[in-house]
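Novice: Handing you a structure now.
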Amino acid sequence: MNDGFTINPFPGLRVSTSERHQLIHLVDEYVDDYISKYEDFVVEDKCKVNTRRWQHVKSRDNFHVYAKRPRKDLNRRSKSLDKSLTSAKDLSVLLGVGTFVGEMEDLMFGVLNPTLDSMRIKASYVQNFDNAAILCSIVEPSKDDPFRSLVIKWMSVDPPLQSAKLTKSRDFVFVEATGMVNFENGDCIGYHFLHSIDFPKSGPLPNKIRGNLSAFSCFRQIGPNTISNYARAAVDPGGDAIRMLLTSVVANFLLSATNYVYCGQMKKLAWLLQHQRSFFRLSGKEKKRKRCVVCRKSTGNVIGSIGRSRSWR
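For any residue, its number in the working numbering is found by taking its place in the sequence shown, counting from 1, and adding 749.
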């Protein structure tokens, strides 16, 4: 059964040690830049969205997604757009702002998906793609930094009208990074970063249009059981795409973050159940040993489980 995951479509892709270091450095620079934008939003904008620049698109619970108004819409708010299509240069830029119920540890555990198994688990709660694969792992989580990961991935997304053959599905080759950093005031910030990247051996696939994306979400515990989320996303769909449909797809991608806490809790529960089964299997082996029903001492192999040990004879 197809569960949305596939084998590596670019088996020839290799990343050298030098390229690995470059990727880590590149991601760190992007994360620092986005964190600075978030600090400005908190300190200077007081967490208020400028509705002259951003138009509300969708909401889920207390998390809201806004699309950047087109330039001509900023100049003439009352006039409708002349074109319904957007070129590759006319990016769809979105902003996500709001809060979630939960704890940071659960949320970051839900975000983390550096392996195919963890991607499958996450997809069952946070479905934001149609097909995906891991191409190469760069940084893996460790005991000292359990939420730090950096992985090169591929995914494809079917637009809403793809089944009607009105537009082709898009695919992306990107680096995905997660981790924890700190504000200048010491506040702990969790982040989730995706950014398109090109390799010589990861060219376009048949029946797919290669797109480009850059998306960043950061999370901060602002109170008991309350997490603040700030997200930015820019997507170039490649070729022509209906702007409204593209905006809807990207908005749903950002809104899927509202399921991260629940995903993390379910992953913890799955881990607990798995280890309980291991414990019960070991306990079952112990029960099979012949023991006295009173003092629990070994009875040997003669009388069986209803027998008594020699100390009771």
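Using N, Cα and C, we set each Cβ at its ideal position, and we do this for glycine too.
Please say whether V900 and S886 have beta carbons closer to each other than 8 Å?
Specialist: Position 137 of the sequence shown, counted from the start, is the residue given in the question as residue 886. Position 151 of the sequence shown, counted from the start, is the residue given in the question as residue 900. Yes, the pair counts as a contact, with Cβ atoms nearer than the cut-off.
Novice: Can you tell which of S905, K795, A1006, V922 has the C-alpha that lies nearest to the C-alpha of D810?
Specialist: Sequence index remark: in the sequence shown, residue 810 carries index 61 (1-based). Here the closest residue by C-alpha is A1006.
Novice: Take the Cβ of P986 as the centre, count every other Cβ of all protein chains shown within 10 Å, and call the residue buried at 16 or more, exposed below.
Specialist: In the sequence shown, the residue the question calls residue 986 occupies position 237. Classification of P986: buried, given that the 10 Å Cβ count is 16 or more.
Novice: Output yes or no for whether 8 Å exceeds the beta carbon distance between I938 and V924.
Specialist: In the sequence shown, counting from the first residue as 1, residue 938 sits at position 189. In the sequence shown, counting from the first residue as 1, residue 924 sits at position 175. No; because the gap between Cβ atoms is not below 8 Å, this pair is not in contact.
Novice: Checking 8 Å against the spacing of the C-beta atoms, do L1003 and G845 come in under that value?
Specialist: Within the sequence shown, the letter at position 254 stands for residue 1003. Within the sequence shown, the letter at position 96 stands for residue 845. Contact: yes.
Novice: Going by other Cβ atoms of all chains shown within 10 Å of its Cβ, with 16 needed for buried, is S873 buried or exposed?
Specialist: Within the sequence shown, numbered from 1, the residue matching residue 873 stands at position 124. Its Cβ having fewer than 16 others within 10 Å, S873 is exposed.
Novice: Where are the beta strand (DSSP E) runs, 3 residues long or more, that stay fully inside the region 931-977, in chain order?
Specialist: Correct list: 937-945, 961-972.
Novice: Determine which residues share a DSSP beta bridge with I883 and list them.
Specialist: Residue numbering aside, residue 883 sits at position 134 when the sequence shown is read from its first letter. Answer by DSSP bridge pairing, in chain order: K902.
Novice: Would you mind sorting H941 into buried or exposed? The rule is 16 or more other CB atoms within 10 Å of its CB.
Specialist: The residue you call residue 941 lines up with position 192 of the sequence shown. Its Cβ being crowded by 16 or more others within 10 Å, H941 is buried.
Novice: Identify whether F790 lies in helix, strand or coil by the three-state DSSP scheme.
Specialist: Here residue 790 corresponds to residue number 41 of the sequence shown, with the count starting at 1. Reduced to three states, the DSSP call for F790 is helix.
Novice: Quick one: is S977 buried, meaning 16 or more other Cβ sit within 10 Å of its Cβ, or exposed?
Specialist: Here residue 977 refers to the residue found at position 228 of the sequence shown. Buried: at least 16 other Cβ atoms inside 10 Å.
Novice: Considering only C-alpha positions, which residue in the set A816, R981, Q1023, H1024 is nearest to D782?
Specialist: In the sequence shown, residue 782 corresponds to position 33, counting from 1. Taking only the C-alpha atoms, the option nearest D782 is R981.
Novice: Per the DSSP calculation, W803 is bridged to which residue(s)?
Specialist: As a first step, residue 803 is located in the sequence shown; it is residue number 54 there, counting from the start. W803 is bridged to K817.
Novice: In terms of residues, what are the limits of the alpha helix (DSSP H) holding F858?
Specialist: As a working mapping, residue 858 is identified with position 109 in the sequence shown. Counting along the chain, the alpha helix (DSSP H) containing F858 begins and ends at 853-860.
Novice: Using only alpha-carbon positions, find the residue among K950, W1020, G960, Y1011 that is nearest to G761.
Specialist: Numbered from 1 along the sequence shown, position 12 holds the residue referred to as residue 761. The candidate whose alpha carbon is nearest that of G761 is K950.
Novice: Would you list the one or two residues that DSSP bridges to G845?
Specialist: Residue mapping note: residue 845 aligns to position 96 of the sequence shown, counting from 1. G845 is bridged to V814, A980.
Novice: Could you spell out the range, first to last residue, of the alpha helix (DSSP H) harbouring K871?
Specialist: The sequence position of residue 871 within the sequence shown is 122, counting from 1. Looking at the DSSP string, the run of the alpha helix (DSSP H) that includes K871 is 865-874.
Novice: Could you compute how far the alpha carbon of T975 sits from the alpha carbon of R969?
Specialist: On the sequence shown, residue 975 is found 226 positions in, with the first residue counted as 1. On the sequence shown, residue 969 is found 220 positions in, with the first residue counted as 1. Answer to the nearest angstrom: the Cα atoms are 9 Å apart.
Novice: If I measure Cβ to Cβ from D855 and keep anything under 6 Å in the same chain, skipping five residues before and after, which residues do I get?
Specialist: The sequence position of residue 855 within the sequence shown is 106, counting from 1. Hits under 6 Å: V1010, G1013, Q1014.
Novice: Any idea what DSSP makes of S808, helix, strand or coil?
Specialist: On the sequence shown, position 59 is the one that residue 808 refers to. Correct three-state label for S808: strand.
Novice: Look at the Cβ atom of Y779, then the Cβ atom of H1024, and state whether they are nearer than 8 Å.
Specialist: Position 30 of the sequence shown, counted from the start, is the residue given in the question as residue 779. Position 275 of the sequence shown, counted from the start, is the residue given in the question as residue 1024. The answer is no: Cβ separation not under 8 Å.
Novice: State the Cα-Cα distance for the pair L759 and K797, rounded to the nearest angstrom.
Specialist: Here the question's residue 759 lines up with position 10 in the sequence shown. Here the question's residue 797 lines up with position 48 in the sequence shown. Looking at the sequence provided, one finds Phe at residue 759 rather than Leu. Distance between the alpha carbons of F759 and K797: 43 Å.
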